[in-house]
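Below you'll find the structure, written out as structure tokens, and then a few comments.
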Amino acid sequence: MPQTFVIVGAKLAGGAAAAALREESFDGPVILIGAEPHPPYERPPLSKEYLRGESSFAKALVRPPDFYRANGIETRLGVRVARVDPDEKIVALADGERLSYDKALIATGGRNRRLPIPGRELEGVIVEWPEGEEQPSDYWLSNLPEDERRERLGHACVPE
Ligand SMILES: Cc1cc2nc3c(=O)[nH]c(=O)nc-3n(C[C@H](O)[C@H](O)[C@H](O)COP(=O)(O)OP(=O)(O)OC[C@H]3O[C@@H](n4cnc5c(N)ncnc54)[C@H](O)[C@@H]3O)c2cc1C
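When you read off a place in the sequence shown, starting at 1, and then add 167, the result is the number in my numbering.
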């Protein structure tokens with residue numbers, strides 16, 4: 168009986184893990200669940216090449232959008248996991264649906280800490296894009312007119 172692998176979080180870690188499972192010949196069902204509506208993408212380019220208008224959002228994708236279907240990976244995007252029950256081996260979605268799993272990977276990443284300093288609420292100061300934006304890039308670009316000066320404060324884990 169093939170095992171079912173559920174991955175919670177569909178960004179770099181989740182998308183890469185799903186791809187690696189198939190590349191390493193895992194042949195059971197793989198279900199990739201992510202709260203954002205986009206297929207897995209890498210965030211670093213969004214504050215660099217993409218923000219400068221030098222590369223497309225498509226280039227930030229972990230795999231082409233049709234990779235997942237072509238490789239039998241079920242994607243549930245725009246869907247939030249409410250609870251993981253490791254005793255019953257159940258992932259409960261926010262809409263109440265319950266999915267059984269044999270193995271689960273939690274790849275939900277981290278959230279930015281909001282800097283508690285005056286001015287962070289001003290127009291043009293971007294802390295992060297709101298969850299559920301159509302494209303994270305829309306948020307970054309539509310809020311930053313081309314000729315405006317841009318300063319970036321913190322964020323990168325690995326120096327450029
Ligand atoms: C603009 C920007 C620039 C960056 N630049 C750099 C850089 O230059 N160098 C560097 O090393 N790092 C950089 N980082 C950090 C790097 O992008 C993160 O370390 C990386 O994205 C982590 O990937 P991840 O897949 O583990 O988690 P994330 O990218 O955080 O993805 C986790 C996903 O899980 C989803 N999720 C969370 N909870 C749930 C739930 N309950 N149900 C369903 N889905 C859920 C989230 O919505 C999210 O889509 C940058 C980050 C940002 C935002």
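Yeah, the Cβ is synthetic: ideal placement off N, Cα and C, and Gly gets one too.
Out of curiosity, what's the CA-to-CA distance linking residue i and residue j?
i	j	result
P211	A180	13 Å
A183	V229	7 Å
Y268	K256	6 Å
A237	P207	15 Å
Starting from the C-beta of residue i, find all residues in its chain whose C-beta is less than 7 Å away, skip the five residues before and the five after it, and write them out in chain order.
i	result
S222	P212 and E216
E301	Unreliable placement is indicated for E301, whose pLDDT of 49 sits below 50; no coordinate value is reported for it.
Q170	G195, D269 and K270
Apply the 10 Å Cβ neighbour rule to residue i and answer buried if 16 or more other Cβ atoms are within range, or exposed otherwise.
i	result
I284	exposed
E203	buried
A186	buried
Looking only at its chain, what residues have a beta carbon closer than 8 Å to the beta carbon of residue i, apart from the 5 residues adjacent to it on each side?
i	result
D262	V246
V251	V175, I257, V258, A259, A271 and I273
When you measure from the CB of residue i to every non-hydrogen atom of ligand 1, does any distance come out below 7 Å?
i	result
L228	no
T275	yes
E203	yes
L272	no
I200	yes
With distances taken Cα to Cα, identify the nearest neighbour of residue i among the options.
i	options	result
A225	N238, I240, R236 and H205	H205
R232	F172, M168, K178 and E290	The amino acid at residue 232 is misidentified as Arg; the sequence shows Pro. That would be K178, whose Cα lies nearest to the Cα of P232.
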